[in-house]
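Reviewing the structure listed below.
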Amino acid sequence: MKVAPSQPLSEDQSNQNEPERDQWNNKTEFLLSCIGLSCGLGNVWRFPYLAYQNGGAAFLLAYIILQLVIGKPQYLLELILGQYSGQGPTKCWELNPAARGIGISMCVMSLVVSIYYNVIMAYTIYFIFATMQSTLPWTKCKPEWTDCSPEGRVYAPVPCTSNVSHMESLGSCQCTKNVDIDTAFTFNCTPKYKTAPELYFYKDVIRISDGIEPEKMGTPIWELAMCLLLAWLLVALCLSEGIKTSGKVKSYAFTATFPYVVLVILLIRGSMLEGADTGVRFFIVPKWDQLMDINVWVAAAAQMFFSLGVSFGGIIMFASYNKFNNKLYGDSLLITCADFSTSIIAGFVVFTTFGHMAHTMGVPIEDVATSGYGLVFVAYPEAVSQLPVPHFWSFVFFVMLLTLGVDSQFAMLETVLTCIQDEFPWLRRWKTSVCVAVCVFCYISALPCVCPGGDYVVKLMDHYGADFSVLFLSLFEVISVMWVYAHRIINYEPPYIEKGKPFPTFAQALGWTLLIVIVSPVLLCANDLGRAENLRSNTQMAREENPDCMRQSLSLCPCMTSRRTSSRQTPAKAGNKEPCSGVEPERQKTSCQSL
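Take the sequence shown: its position 133, counted from the start at 1, is 133 in full-length UniProt numbering, and no numbers get skipped.
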């Protein structure tokens, strides 16, 4: 920790030969890096399947509300934390030492997400190689797929009598109650078929097993293991020299605009398909009763944090490499609006395709596909197969998906590397070695995810490893900064950034303060309570035979890290901290003289 010159030299100051922290070469690198974090795989992969799983329009409305009142203010808060301190997620909490465990928890959570995030990239690489076959493998039914739906076939309901509940599976059919006949438990039954893309993903790519038990997990699928290795090699290569290499990759590559071009093309084509309007209505016309379901709000909050990168440490990390006088207010609005736009475009692409699939199969849109993280590998291949020259567009789409995944993975893993190097500055001399070591550890840790039972492992890590923790960490973060530390900066005069005008203005500062101090904690508390109840009762993301301790351990791991690390800070130590301790000396001269 760096302190004011008037105090005794700390350990960091005594090591004058330690390498200095990097800085962005220009603002473009910073903006593209933040956009890569926020407008990444989570928008195209995670947002559509959560929207489909949680009622479409109801989820979208909850997502919009939460991003406006929580996401945008907290995004700006984290940018300020990183840029003001010039430190990563662990060191920036020297402003409130009792909350330092929050930074450690952010690092742990980013590590967990990095492990399974690259599994999704491995699937993407697998699909890229699949596009090189003479026939796209997800466009035709294989003979062994007895439940495959041939293209263009519509299935008429057939009689079915049984005492079953609504939509219960009966072998090869699904039964829905006939409202005109309510005697003798008579139902209409539609044969239960699946589309070729869905069967290809679950039976050929991940080869899903019946459970997560040791005897059902199996051994790693060698094709996926090699794709996973390629994904980690790509990440290690691009992060070998820290932000110096990752920033250049983002500046000189086409990752900033390429995904939007592909998504717009898919959206135009999807809107021309028959039945697309059904999917659009499902996405934008809410069923108001679903807004009373706390699970919809919890899912929307978790996705909002996941998509923006709030409380994962990446925003603080990127901002810490900025110059101190960089203007942040406009940056935060630009990045959050880009994130929201990307999610909306991706949602329309998926739901126009689902509307067409529902029309073709003659079933309600809710029954088109099995919801889950693999939904994207069902809907998007179906969409690109409808385009002229499907091989070309399939290749382009999955390359685009890979670039989005790489951008997001850069931020997650760079957060972990920054935390390590901030805690142990002497490791900055061996950036490449540290990066390779972390990537090797993550690759080995991710191998269970590419086993036949790995589908359930990915679901566990996605649902319990990040969703639960991020909601609690965000609440702790707001309270630690705005309720505990804010009293020290009441008299703070912001530096003059442009033409003698302080930034932000009083009205802007008041508005953001009200949102962060009052509104955000209230909504976060409500979401945390709902998420805790969901954690106790929800079993849909894993087999019922799995012990609850596995899911709860994943959920509580980052939170326990936060509590344990914070408890090491005694009240005496916390009380002796100066308001600007932890801020680099050159930043203290600019920002702390008025405190």
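All C-beta atoms in this analysis are idealised placements derived from N, C-alpha and C, irrespective of residue type, glycine included. In this text the structure is predicted, and so the values were computed from the model without any measurement.
From Ser408, Asp407, Ala437 and Ala446, residue whose alpha carbon lies closest to that of Leu420: Before going further, note that residue 420 is Ile rather than Leu in the sequence given. The shortest C-alpha separation from Ile420 is found at Ala437.
CA-to-CA distance, Val406 to Trp393, given in whole angstroms: 20 angstroms
Where the alpha helix (DSSP H) containing Gly36 begins and where it ends: Lys27 to Ser38
Simplified DSSP state of Lys194, which is helix, strand or coil: strand
Euclidean distance between Cα positions of Gly40 and Leu263: 13 angstroms
Contact check, Leu328 vs Leu79, beta carbons under 7 angstroms: yes
Per-residue burial, Pro48 [other beta carbons within 10 Å of its own, 16 or more giving buried]: buried
Contact under 7 angstroms by Cβ, Leu404 with Val349: no
Continuous alpha helix (DSSP H) stretch holding Ala98: start and end: First-last for Ala98: undefined, no H or E at that position.
Which of helix, strand or coil DSSP assigns to Lys91: helix
Buried or exposed by the 16-neighbour rule on C-beta atoms within 10 Å, applied to Cys337: exposed
Every unbroken alpha helix (DSSP H) within the segment 327-356, with a cutoff of 4 residues, ordered by chain: none
The segment 278-287 contacting the segment 67-86, beta-carbon criterion three pairs below 8 angstroms: no
Completely contained alpha helix (DSSP H) runs for the segment 457-486, where each covers 4 or more residues: 468-478
Burial state of Trp297 (16 or more Cβ within 10 Å): buried
Alpha-carbon to alpha-carbon, Arg46 and Met357: 20 angstroms
Three-pair Cβ contact test at 8 angstroms for the segment 440-457 versus the segment 107-118: yes
Entirely enclosed alpha helix (DSSP H) segments - the segment 258-286, minimum 4 residues: 258-271 and 276-284
Length of the line joining the Cα atoms of Gly374 and Phe201: 8 angstroms
Secondary structure of Ile212, DSSP reduced to three states: coil
Short Cβ contact (7 angstroms threshold) for Phe318 with Ser33: yes
Host alpha helix (DSSP H) of Glu423 (start-end): Pro390 to Glu423
Helix, strand or coil at Glu382 according to DSSP, with G and I counted as helix: helix
Alpha carbon of Thr432 to alpha carbon of Gln53, nearest angstrom: 41 angstroms
Buried or exposed (CB count within 10 angstroms, at least 16 for buried), Val458: buried
Neighbour flag for Phe392 against chain B, beta carbons, 7 angstroms: The displayed structure is made up of one protein chain only, and chain B is not part of it.
C-alpha gap between Leu239 and Phe410, whole angstroms: 7 angstroms
Local Cβ density within 10 Å of Gly330, reported as buried at 16 or more and exposed below that: exposed
Contacting residues, own chain, Cβ-Cβ under 6 angstroms from Gln128 (five flanking each side not counted): Before going further, note that residue 128 is Ile rather than Gln in the sequence given. So the qualifying residues of the chain are Phe398.
Tyr84 in three-state terms, based on DSSP: helix
Proximal residues to Thr353 (C-beta, below 6 angstroms), its chain only, five neighbours per side dropped: Gly270, Ala379, Glu382 and Ala383
Coarse secondary structure for Pro48, derived from DSSP in three states: helix
Whether Gln83 touches Asn322 by CB criterion (7 angstroms): yes
Chain-order list of residues whose beta-carbon lies under 7 angstroms from that of His391 (same chain, five-residue window excluded): Thr131 and Leu136
Simplified DSSP assignment, three categories, for Pro448: helix
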